Structures are given as structure tokens and as C-alpha cells.
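Note sheet for the following structure.
Numbering (the working numbering), first residue to last: 88 to 712.
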């Protein structure tokens with residue numbers, strides 16, 4: 088029967104797609120999973136068969152009604168199966184690259200990704216083998232279906248036989264669903280991995296309809312976050328504004344602010360205490376020695392849609408969906424600096440349309456210096472010098488320079504020659520390349536008349552897990568240090584030099600720290616603290632249902648919807664391979680949870696749910712009229 092033949096073709100196509108997913112190396116050099124591959128493929132096929140089976144049943148029912156146009160019916164069926172396979176392949180590639188699933192939120196965020204052809208080209212090159220094989224799978228599935236439609240005679244059997252076939256498929260689909268979903272894998276990460284992409288879209292739609300009720304432990308969560316649970320806007324700080332007074336100050340009393348945002352800065356690679364950094368990263372070391380260095384800085388989330396926006400907005404990521412500040416009433420740091428009279432410029436290495444940053448940048452900056460022919464860090468640094476020297480010197484400057492070369496898959500710029508096969512060697516070499524770019528930038532600043540009146544802030548938007556760390560993600564979740572551990576450097580007038588602060592730091596702390604440095608008082612919704620005064624409290628990272636608490640020299644990893652958690656001992660000094668640093672750090676030691684850890688995990692989960700409620704109900708900032 089044509090229906091069943093086409094169904095089998097697409098089930099087999101999906102099987103080979105899953106084999107590629109779990110067998111080929113990811114962009115960071117590892118296979119997706121080291122064990123239990125067959126179990127994952129088996130359950131994934133069962134889950135997909137459920138979807139394809141019910142689609143087939145639907146068409147069988149339609150065929151009972153229709154007496155004619157059977158070929159058109161099968162063409163429609165094949166088209167839907169083909170679209171399903173295409174989206175499944177796309178979903179698989181996202182898992183390989185970002186450990187993310189295809190959702191409506193993802194599409195909205197990355198709808199403009201094709202606008203940066205250079206980055207898209209790099210992505211395709213980094214996973215070319217996988218892309219080609221998956222394209223071949225899709226092509227042969229469609230071609231095979233075409234010949235089935237062309238060659239098989241459409242001599243349908245009786246209505247009775249159709250009904251029997253439909254009932255059989257319903258029973259098989261029900262069994263497959265039970266096998267895939269009601270005998271779940273012990274590991275949540277793997278259990279989520281086998282679910283077809285449409286289940287995540289469905290959950291996303293349901294989420295938008297149901298997450299409006301205040302959590303039972305809302306007050307407990309808000310207190311743990313450092314907010315006021317009695318206030319309608321629990322993080323809103325209503326201060327007597329001194330913006331007018333600040334604007335009236337002489338230009339020499341308003342420091343320039345240089346923000347160096349480093350793409351995928353791995354905290355363990357750039358740790359200034361390692362031999363690698365001391366020998367290979369002289370300019371990074373030079374900058375760190377000029378101020379305070381925070382080696383244990385954690386992004387609010389992963390990837391750049393979370394990390395970058397967290398750095399500039401002073402708030403944490405959404406706990407369950409893709410994060411975009413323009414969806415909320417929030418006041419970013421660049422907005423406040425604009426009100427204070429700053430000339431705001433951003434120099435992105437990638438097209439801001441790629442991940443839908445354009446509306447944010449247009450709101451936050453006076454000028455977006457993106458040039459489609461400039462992608463790598465050295466020419467990007469030269470562009471910094473040009474913009475910096477030609478700036479309006481009648482106004483204080485806020486300049487955000489965003490590097491790009493250390494973005495996965497870590498392909499070499501042409502001037503560096505052939506890209507090495509070893510993924511770790513790639514990243515270490517590009518770290519050295521980035522350091523040369525930093526040297527160009529620092530030299531330009533040090534030659535400027537306002538060099539003594541300049542604050543420099545450097546941090547990574549997030550980290551990027553190595554192949555070895557991938558094995559930990561199934562146990563720990565996507566908020567693992569391998570994704571969010573980066574560094575922070577703050578230099579400037581009245582800031583202690585050659586200082587190392589080993590406390591935990593969050594990107595959410597940058598905005599309040601900078602405002603206090605400038606002595607700007609203004610209403611704001613920043614959730615962090617001034618790092619120069621107090622940074623001893625809990626720090627949070629949220630990566631789509633996965634939660635991390637960095638507190639009391641421990642990391643507690645949990646999930647917003649699960650009761651279990653794991654505890655890892657924080658590193659206090661480099662203990663990984665400092666010769667091969669990008670490969671050397673695997674993760675901190677697992678600890679036996681204590682009663683206090685269990686209470687902290689409960690507080691973390693309460694905090695995450697409370698924060699979700701705040702974002703979903705737009706309770707960050709009361710718009711000024």
C-alpha cells in the first residue's frame with residue numbers, strides 16, 4: 088500500500104538522520120553522547136513513528152471520504168512527511184551545535200540569521216559532512232517517494248481493509264508513544280532529547296497560556312533573588328535621579344567607557360593564573376593588571392541571546408524560553424548612559440540581524456558600526472581605532488566592541504592559514520589572535536588624551552563547552568560551567584590595580600557596578616550588586632529550564648521542573664591542564680549533597696519560578712510617563 092511504503096521510507100530516513108546525530112562529532116569536537124546510543128535511537132524512532140503513524144491514520148481517514156484524487160492525497164502526504172523530516176533534521180543540527188531544540192521562540196530569534204552569510208558559511212563549513220549527509224537523506228527520501236507515487240497503481244482496497252489498516256496503525260502508534268514517553272530514560276537530558284521537535288513547540292504554546300499564576304513559594308524566591316516580595320515591581324530601585332546634575336558636569340568629570348565583549352570566552356583558557364595566559368596572552372594580562380580581575384564570572388545564560396543581553400541589561404535570562412529584553416519593560420545600561428549624555432556606539436563583529444539584536448541595538452545605541460566585510464578580530468580592532476579616534480570628543484563615550492573570531496566552529500581567518508583539525512588547538516590559537524586585537528585596542532586607548540579618564544570592562548558573553556565537558560551536560564544540565572564560566576576585568580580611575588577577586592561574579596552585577604563608579608543615581612531594575620562593595624551573595628545562570636546557583640564555593644545544578652539536583656565543588660585555583668588549557672578543564676568534583684545543599688536547591692527552584700513570574704508579567708520596570 089503506497090501509504091505504508093512512504094511511511095517506511097521516512098522512518099528509515101529519520102533513522103539514518105539520528106545515526107548521524109549521535110555518531111558524528113559536534114562542532115566542539117565530541118560526539119553527542121558516549122554511551123547508550125542505541126537506546127536513544129530506538130526511543131527517538133518510536134517517538135517519531137508515533138507522529139508519522141498518526142499523520143498516516145489521518146490520511147487513511149480522509150481517503151475513506153474521498154473517492155477521487157488519490158494521487159493528490161498521496162502527494163500531500165509525502166509533502167507533509169518531507170516537511171517533518173526537514174524540520175527533524177534542522178532540529179538535530181541545532182542539538183549538535185547548541186544543545187537547543189527547534190521552537191517558535193528559536194525561529195523568532197534567529198529568523199534573520201541568513202543575513203550574515205559569513206557566519207552562516209562558517210557554520211556550514213564547521214559541520215559540512217553532517218549537512219551534506221542529511222541533505223542526501225532528505226533528497227533520497229523524496230526521490231524514493233516520487234517513484235512510489237509514479238510507479239504504483241492506485242488500486243485501493245475495500246473500505247474495510249482501509250479501516251483495518253488505520254486501526255493497526257493507531258495501535259502501533261499508541262504502543263510507540265508508550266514505549267518512548269511512559270518508560271522514560273532515567274536521565275532527563277536524554278529523555279528530552281528523544282522527544283520530537285513538535286512536542287517542544289506544543290509545550291511552548293501551552294507555556295504561553297498557563298504561566299501567569301503566582302508561584303506558591305513566590306516570596307521565598309524573590310527574597311533569595313535579593314528583591315522585595317511585597318512590591319509590585321520587586322527589583323525596581325526608585326532613587327532620586329541625579330542625571331541632570333551629571334550631565335552638567337565638565338567633560339573631564341565624565342569618564343569614557345570601553346566595553347570589550349568577547350565571543351565565547353572560556354574562563355579556564357583565559358585565566359591569568361595559568362602558564363598559557365602568561366605566555367600567550369600578554370595584552371589580556373596587561374589589561375588585567377591595570378584593574379580588578381574576576382576569574383569566576385558567570386554568564387546569566389547561554390548563548391549570546393542570553394549572555395550579551397544580560398551584560399547590558401543587568402538582569403538574568405528567562406528560565407524557560409529564549410530571552411529578548413525588548414519583550415519586557417526593562418531599562419538597559421546603554422539607555423541610562425544615553426540619558427546621561429553619553430555618545431553610544433557599538434561595533435559588532437557579526438550582523439546584529441543574525442540573532443535579532445537589531446531592535447535592541449537601535450534602542451540602546453546612537454550608532455551601529457557594523458560592516459559586512461569586517462568579521463575577524465584584527466580588522467575589527469582596526470575599525471575600533473578608527474571609530475575611537477574620530478568620535479565626538481565633546482561628549483563622553485560609551486563604546487561596545489564585540490569580537491567574533493572565537494565563535495564556533497573556530498575557523499581560522501585567512502591570514503592564519505589552514506584551520507587545524509584539532510578543535511582545541513583551534514581555540515587556543517584564536518585566543519592568541521584575539522589577544523593581538525586587544526593589543527591594538529589598548530595601544531589606541533593608551534595614546535589618547537583621555538586615557539586616565541577611561542573605564543574599561545572586558546568579559547565574555549558566555550563560554551563554550553569542550554568535547555569532554557559534553558559528557559557532563561547529561562548529568563549537570565546546560566547551565567554547566569562549560570557553557571557559562573567566563574572572566575571579567577574592570578579597570579579605571581580609583582579602581583585597585585593588579586587585584587584578583589576570587590568571589591563568584593554575575594554579568595548582572597556589571598550594570599550596578601558601573602553606575603556606582605560613575606556616581607549616577609537613577610531609577611533602574613538591575614538585579615545585581617556593586618562588585619566593588621559586595622559580591623558575596625548567590626549568583627544565577629538560567630539556560631532553558633536548567634538552573635545553576637553559584638554560591639558558598641559550590642555550584643548547585645537543578646532543573647525547574649525536576650526534584651533532583653547535583654552539587655559540584657568550585658575551583659579556587661587552576662587545577663586543570665594548563666598546557667592544553669582549552670581541553671584540560673573538564674569540571675569540578677561532584678560532592679555528596681548536604682541538608683544545606685538541599686535547602687539551597689529548593690531556594691534556587693523557588694527563585695527561578697519567581698523570576699519567571701516577574702518576566703512573564705512584565706514586573707521589572709514601571710515605565711516613566
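Even glycine gets a Cβ: it sits at the ideal position worked out from N, Cα and C.
All values derive from a computational prediction rather than experimental measurement.
What do you reckon, are the CB atoms on residue 409 and residue 435 nearer than 8 Å? No, the Cβ-Cβ distance between residue 409 and residue 435 is not below 8 Å.
Would residue 695 and residue 643 qualify as a contact pair, given that the criterion is a beta-carbon distance under 8 Å? At the C-beta level, residue 695 and residue 643 stay beyond 8 Å of one another.
Out of 614, 655 and 618, state which residue places its alpha-carbon closest to the alpha-carbon of residue 564. Of 614, 655 and 618, the smallest CA-CA separation from residue 564 is found for 655.
Over what stretch of residues does the beta strand (DSSP E) that includes residue 713 continue unbroken? Here the chain has residues from 88 to 712 only, and residue 713 is not among them.
What three-state label does DSSP hand residue 442 in the structure shown? coil
Tell me residue 343's beta-bridge partners as DSSP assigns them. Note: residue 343 sits in a beta bridge opposite 541.
Assumed close pair residue 348, residue 668 - CB separation to whole angstroms, cut-off 8 Å: With 8 Å as the limit, residue 348 and residue 668 do not qualify as a contact, their Cβ atoms being about 21 Å apart.
Is it buried or exposed for residue 690, if we count other Cβ within 10 angstroms and need 16 for buried? buried
Go through the stretch 552-629 residue by residue and report every complete run of the beta strand (DSSP E) that reaches 3 residues or more, in order. 572-578
Residue 462 versus 117, 206 and 197, residue with shortest Cα-Cα distance: Cα-wise, what sits closest to residue 462 is 206.
Answer yes or no: do residue 674 and residue 569 have a C-beta to C-beta separation smaller than 8 Å? yes
Under the assumption that residue 464 contacts residue 490 (Cβ atoms under 8 Å), give the Cβ distance between them as a whole number of angstroms. The beta-carbon separation of residue 464 and residue 490, rounded to 5 Å, stays under the 8 Å limit for a contact.
According to DSSP, is residue 202 part of a helix, a strand, or is it coil? helix
Assuming residue 707 and residue 330 make a contact with CB atoms under 8 Å, what is their CB distance in whole Å? The Cβ separation is near 20 Å, so there is no contact.
At 4 residues or longer, and completely inside the stretch 642-680: list those alpha helix (DSSP H) runs for me, N to C. 668-671
Within 10 angstroms of the Cβ of residue 536, are there 16 or more other Cβ atoms? Answer buried if so, exposed if not. exposed
Leaving out the 5 sequence neighbours to the left and right, which residues in its chain are closer than 7 Å to residue 672 when beta-carbon positions are compared? Setting aside the 5 residues that flank it on each side, residue 672 is surrounded in the same chain by 355 and 663, each with a C-beta closer than 7 Å to its C-beta; the list follows chain order.
Could you tell me whether the stretch 619-629 touches the stretch 414-434, where touching means 3 or more Cβ pairs closer than 8 Å? no
For residue 462, the three-state DSSP class (helix, strand or coil): coil
Where does the unbroken alpha helix (DSSP H) through residue 435 begin, and where does it stop? Per DSSP, residue 435 belongs to no alpha helix (DSSP H); it is in the beta strand (DSSP E), 430-435.
Interface flag, residue 477 vs chain D, CB-CB below 8 Å: No chain D is part of this structure, which consists of one protein chain only.
Secondary structure at residue 488, three-state DSSP: helix, strand or coil? strand
Whole-angstrom Cβ separation of residue 281 and residue 131, contact assumed at under 8 Å? 5 Å
For residue 588, collect the residues of the same chain with a Cβ closer than 6 Å to its Cβ; drop the 5 residues on either side in sequence, then sort them by chain order. 379 and 381
Short Cβ contact (8 Å threshold) for residue 198 with residue 443: Yes. Within cutoff.
Would a C-beta distance cut-off of 8 Å place residue 567 and residue 386 closer than the cut-off? no
Thinking C-beta only, is residue 316 closer than 8 Å to residue 325? no
Looking at residue 126 and residue 328, is the spacing between their C-beta atoms short of 8 Å? no
Reducing DSSP to helix, strand and coil, say where residue 394 ends up. Note: residue 394 maps to helix in three-state DSSP.
Simplified DSSP assignment, three categories, for residue 364: helix
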